[in-house]
Every structure is written in structure tokens, then in C-alpha cells.
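Per the working numbering, the sequence shown runs over residues 3 to 260.
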Amino acid sequence: MKIAVFVKQVPDSAAKITVENGVVNWGDAPLVINPWDEYAVEAALLLAEKHGGEVTAYSLGDESAKEALKHALAMGCAGAVLLSDPALAAADTAAVARVLAAAAQKGSAELAVFGRQAIDWDSGVTPSMAARVLGWPALSLVAAVEALDPGAKTIKVARAIEEGRQVVEGKLPAVLSIVKDFAEPRYPSFMGIRKASQAEIPTWTLADLGIPAPASAVETLELSAPLAREVSNEIITGDSPADVAAKLVDKIIGEGVL
Ligand SMILES: Cc1cc2nc3c(=O)[nH]c(=O)nc-3n(C[C@H](O)[C@H](O)[C@H](O)COP(=O)(O)OP(=O)(O)OC[C@H]3O[C@@H](n4cnc5c(N)ncnc54)[C@H](O)[C@@H]3O)c2cc1C
């Protein structure tokens, strides 16, 4: 069974992000694999280990996205492909989903595994949009794969939803987006890191994928930093903890918080 896992290169979550004149800047902070996508890679590797198969990682981006792919290779993926084309420089989610879907098809994947969301643009809909393009079932927010039968082409998963767990069944090929509960991502091994550093990562352009430049439906018009919030502090003192608590309650009620 061929498994495709999709990883995005994003600024480190500890980076100090600034926005000036509509341009996002994260200074010298490193770019890293999207943290949610480490869970996706772990899930893909566990499924391949249990049910047989091979995992290939794909990332859409510029040359720097190869670092995210190397991380996936170091974790144990068998191969990695960069998806890159100048025509995709300002692609929106619908366009990105079309490209990722085309890669899943070119790679003959039976499972396309995604993270639940990317920590930079945060739309969280790329997996479902890719499923729609492919015409495959979208099994989102997957916390566990309860059964997978590559022969019968069926999959049963538990979805983590606010109200609890929902168990659903679908047919392969399918799209999965993975949440934290699935399994803690493994650390890349020393051998894995060495192998990844020497790996040749091919690039597939739109021509290689055999698709025209997908049109964007959404255009970003403005980007600005979050509005600065005015914050003031007041230390509440009293003769005893009960006195402080009573004053705090009065304050909270007075401010209309409760
Ligand atoms: C220079 C630039 C210009 C942009 N312009 C626009 C614009 O005009 N309009 C607009 O709507 N958006 C724009 N975007 C945002 C871009 O379209 C999103 O990054 C993309 O749609 C994915 O959405 P997301 O990051 O919210 O991913 P999510 O949907 O939150 O990601 C979910 C999962 O999808 C997978 N995934 C997402 N992106 C990738 C990727 N690149 N490679 C591999 N896997 C991936 C990962 O598994 C991830 O965990 C722009 C981005 C850049 C860098």
C-alpha cells in the first residue's frame, strides 16, 4: 500500500513574527516542519509498519521546504518529493489542495495523510479540499485507525470531536487528517538523519504533475499584526486570603466579568 504524507515548512512556533507593510517577517528564526505534520508522519509510518506499505512525503513550497522533507525522511519515510512551481507563489488553499491531490494520484497513493492544520495560515481545510478534488472520503481529525484492510479496501477510524469520539468507516483510497492523540512522533534516528542529509529529493512541477496552474479563489488583500491590547495590572492586597478573595470577587462582579 502506498501512503502519501503531506508536510508543510513553517516558521518555528517560538519565532517572533512581525508584520510591516503587509509583509510577514520571522527574523532569523528557523523554518521547521509544521508540528502537526510530525503526527501525520508518525501515523503514516505506524500504518505502513502494521499493514505493509511505503510512505512518501510531499511538500509544496520553495527549495527551503526540502528541510521539512528531510525531517520526514529522517523519521523513516522511504521517499520525499518537493512540489514547486513559480506559478504557485500565491496559491490559495483550493489551489494548494489541487496540487497535493495531483501528487497523491501521481504517486499512486491509497492513503493521503495530512496534519490537522498548518500553524502559519491555519485554514485547516486543505485535507478536506484535497479529498474533494480526489473524490475520496475525507476522514478528518483522526485519533486512531481501528481497522484497515488493504485487500478489502476498507478503513475504520476514530475521530476526535469535541463531544468525544466518533467511529466512522470508509473505502480506500481515503484522505486522513491526524490529531495529537494518534501517537507521539518518534525522534529521527542518527542513521535516519544521515540518510536524509544525503537523499536526493526530486522536484515535481505542474508540468510533471500534468495539471495546469490552478486558479486561486481567494486573494489575500491585507495582512496586519494583531491589534495591540491595552493591559493594566492591579495587585489586590488584604488582611487574609479570605479578605483578598472577597475583594477579588467584588472586583470581578464590579467589572461585569461575572
Ligand atoms: C507567498 C504566499 C502567498 C499566499 N497567498 C495567498 C492568497 O492570496 N490567498 C489565500 O487564500 N492564501 C494564500 N496563501 C496561503 C496558502 O494558500 C496556504 O498556505 C495554503 O492554502 C495551505 O493552507 P494552510 O497553510 O492554512 O494549511 P492547513 O489547511 O491548515 O493545513 C492542513 C494540512 O495540509 C497539509 N498542507 C498544507 N499546506 C501544505 C503544503 N504547502 N505542502 C504540503 N502539505 C501541506 C499539511 O498536512 C497540513 O497539516 C499564501 C501563502 C504564501 C506562502
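We treat Cβ as the ideally placed atom computed from N, Cα and C, and that holds for glycine.
About 55 Å separates the beta carbon of residue 104 from that of residue 254, a gap too long to meet the 8 Å contact definition.
Sorting 118, 52, 175 by C-alpha distance to the C-alpha of residue 136 places 175 at the top.
In this chain, the alpha helix (DSSP H) harbouring residue 136 covers 128 to 136. Scanning the stretch 138 to 201 for uninterrupted beta strand (DSSP E) segments of 3 residues or longer gives 140 to 151, 156 to 163, 166 to 173, 176 to 180, listed from N- to C-terminal end. In chain order, 60, 102, 116 place their CB closer than 6 Å to the CB of residue 8, counting only its own chain and leaving out the 5 sequence neighbours on each side. Assigned with DSSP and collapsed to three states, residue 10 falls in coil, not helix or strand.
According to the DSSP assignment, residue 256 belongs to the alpha helix (DSSP H) that extends over 243 to 256. C-alpha of residue 123 to C-alpha of residue 10: approximately 11 Å in a straight line. Residue 86 sits buried, since 16 or more C-beta atoms from the chains shown fall within 10 Å of its C-beta.
Under a 10 Å Cβ-count criterion, residue 187 is classified as buried, with 16 or more other Cβ atoms of the shown protein chains found around its own Cβ.
Ligand 1 never approaches residue 27 closely enough for any of its heavy atoms to be under 7 Å from the residue's Cβ. For residue 229, there is no enclosing beta strand (DSSP E), as DSSP gives it neither H nor E.
Counting along the chain, the unbroken beta strand (DSSP E) around residue 22 starts and ends at 20 to 22.
Residue 220: not part of any beta strand (DSSP E); DSSP gives it neither H nor E. Inter-residue distance for residue 155 and residue 138 is about 12 Å (C-alpha atoms, whole angstroms). With a contact defined as Cβ atoms closer than 8 Å, residue 177 and residue 149 miss out at about 17 Å. Cβ-Cβ distances below 6 Å link residue 20 to 27 in the same chain, with the five nearest sequence neighbours on each side left out; the list follows chain order. In the structure shown, residue 208 falls within a helical segment according to DSSP collapsed to helix, strand and coil. Under the three-state reduction of DSSP, residue 125 is assigned to coil, being neither helix nor strand. The criterion of a C-beta distance shorter than 8 Å is not satisfied by residue 163 and residue 15.
Here residue 216 is near residue 97, since their CB atoms are less than 8 Å apart.
Counting along the chain, the unbroken alpha helix (DSSP H) around residue 103 starts and ends at 95 to 108. No Cβ-Cβ contact shorter than 8 Å links residue 203 with residue 46. Taking a C-beta distance under 8 Å as the contact criterion, residue 43 and residue 77 qualify as a contact pair.
If you ignore the 5 residues before and after residue 106, its C-beta comes within less than 6 Å of the C-beta of 6, 114, all in its own chain and listed in chain order.
Judged by DSSP secondary structure, residue 260 falls outside any beta strand (DSSP E); it is assigned neither H nor E.
Taking 7 Å as the cut-off, one finds at least one heavy atom of ligand 1 near enough to the beta carbon of residue 8. Within the stretch 27 to 87, the complete beta strand (DSSP E) segments at least 3 residues long are 33 to 35, 56 to 62, 81 to 85, listed from N- to C-terminus.
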